[in-house]
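The structure appears right after this line, and notes come after that.
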Amino acid sequence: MTIRTVAVIGPGNVGGDLGTRLAASGVRVIFGVRGGKDLPKLAGPNVGFASPAEAAAQADAIVLALPANVVVDVARGLGDLDGKIVVDANNCLKMDRGPVWNPPPEGSLAQAIAAAVPSARVVKAFNTFGHEYHGDPRTAAGPVTVPIAGDDADAKAAIAELARTAGFAPVDCGPLRNASLLENLAILWIHLAMAGGQGREIAWQLVGRPPA
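Going by the numbering used here, 149 is the number at position 148 of the sequence shown; the sequence numbering is gapless.
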């Protein structure tokens, strides 16, 4: 399956930068905005605006880029998601002298979303680095790695293809239960970037040995 239209629900730093990157790569992007109002700073070729439910209805895949405390309810309110790919790009954390993972009872935020919209195909992705890399995935050593977790192999493959189209380096990280590992990887990134003093221009990359 090739994803041709993506709904981005939550046009903030992460959603705005990722949507802009996808649109620049030739993907049609519809930002889901309250009232369906245009956002001039995100307007451009391949970009449209609609209410969240209208954006979701038109899309092959839906990216949720929202605060953790509202994302499950927003997902429930998007209407019929039967068979749709829903990407959870969010992290659940609290601050206690630094970032601490704060998962829901389901085990991870992605699993909570999957429980709320059981007819959708939920994938965890695009949550392990700062929004700067959503807009420009280049690192000093090549494209940033995008770990992907999900229970539907076709959905993961489609998101991996979408990521490659936009210049990212996707890696299949197994079933949706591993979303908890991706969320913890994000917590470690936040710690390094903030408490660790590394700054936001760092990112994870899966590397191997050079050819012999």
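Glycine included, each C-beta is placed from N, C-alpha and C at the ideal position. Only a predicted model underlies this, so the values are computations on that prediction, with no experimental measurement involved.
Legend entry - Rounded separation between Leu163 and Thr3 - CA only: Locating residue 163 in the sequence shown gives position 162, where the first residue counts as 1. Locating residue 3 in the sequence shown gives position 2, where the first residue counts as 1. Going by the C-alpha atoms only, they are around 8 Å apart.
Legend entry - Buried versus exposed, by CB contacts within 10 Å (16 or more), Ala126: Within the sequence shown, numbered from 1, the residue matching residue 126 stands at position 125. By the 10 Å Cβ count, Ala126 comes out buried.
Legend entry - Check whether Ala33 and Ala56 have beta carbons under 8 Å apart: Locating residue 33 in the sequence shown gives position 32, counting from the first residue. Locating residue 56 in the sequence shown gives position 55, counting from the first residue. Looking at the sequence shown, residue 33 is not Ala but Gly. A contact, by the Cβ cut-off of 8 Å.
Inset, instruction - Going by CA-CA distance only, name the one from Pro176, Asp137, Ala51 that's closest to Ala167. - result: Looking up residue 167 in the sequence shown gives position 166. Measuring from the Cα of Ala167, the nearest candidate turns out to be Asp137.
Inset, instruction - Can you give me the start and stop residues for the alpha helix (DSSP H) that Arg6 sits inside? - result: The residue you call residue 6 lines up with position 5 of the sequence shown. Looking at the sequence shown, residue 6 is not Arg but Thr. Counting along the chain, Thr6 falls outside any alpha helix (DSSP H), though it belongs to the beta strand (DSSP E) covering 6-10.
Inset, instruction - Return the chain-ordered list of same chain residues with a C-beta closer than 8 Å to the C-beta of Lys42, the five sequence neighbours on each side being excluded. - result: Here residue 42 corresponds to residue number 41 of the sequence shown, with the count starting at 1. Gly17.
Legend entry - Contacts around Leu207, its chain only, beta-carbon distance under 7 Å, and the 5 residues preceding and following it disregarded: Looking up residue 207 in the sequence shown gives position 206. Cβ neighbours of Leu207 beyond the five flanking positions: Thr146, Val172.
Inset, instruction - Counting only the same chain and skipping the five closest in sequence on each side, list residues whose C-beta sits under 6 Å from that of Asp152. - result: For this step, residue 152 is matched to residue 151 along the sequence shown. Contacts found: Pro176, Leu177.
Inset, instruction - Report the partner residues of Trp102 according to the DSSP bridge assignment. - result: Residue 102 sits at position 101 when you count from the first residue of the sequence shown. Leu94.
Legend entry - Unbroken beta strand (DSSP E) run spanning Thr146, endpoints: In the sequence shown, counting from the first residue as 1, residue 146 sits at position 145. Taken as a continuous stretch (DSSP letters only), the beta strand (DSSP E) holding Thr146 covers 146-151.
Legend entry - Extent of the continuous alpha helix (DSSP H) to which Gly49 belongs: Taking the first residue of the sequence shown as 1, we reach residue 49 at position 48. DSSP places Gly49 outside any alpha helix (DSSP H); the residue lies instead in the beta strand (DSSP E), whose first and last residues are 48-51.
Legend entry - Element boundaries [beta strand (DSSP E), containing Val30]: Taking the first residue of the sequence shown as position 1, residue 30 is located at position 29. In the DSSP assignment, Val30 falls within the unbroken beta strand (DSSP E) covering 29-33.
Legend entry - Assigned secondary structure, Thr3 (DSSP; H/G/I helix, E/B strand, else coil): Within the sequence shown, residue 3 is the residue found at index 2, counting from 1. Note: Thr3 maps to coil in three-state DSSP.
Inset, instruction - Look at Gly131 and Ala66 and say whether their C-beta atoms are less than 8 Å apart. - result: Looking up residue 131 in the sequence shown gives position 130. Looking up residue 66 in the sequence shown gives position 65. No; because the gap between Cβ atoms is not below 8 Å, this pair is not in contact.
Inset, instruction - Per DSSP, which residues does Lys125 bridge with? Please list them. - result: As a working mapping, residue 125 is identified with position 124 in the sequence shown. Note: Lys125 sits in a beta bridge opposite Asp89, Ala150.
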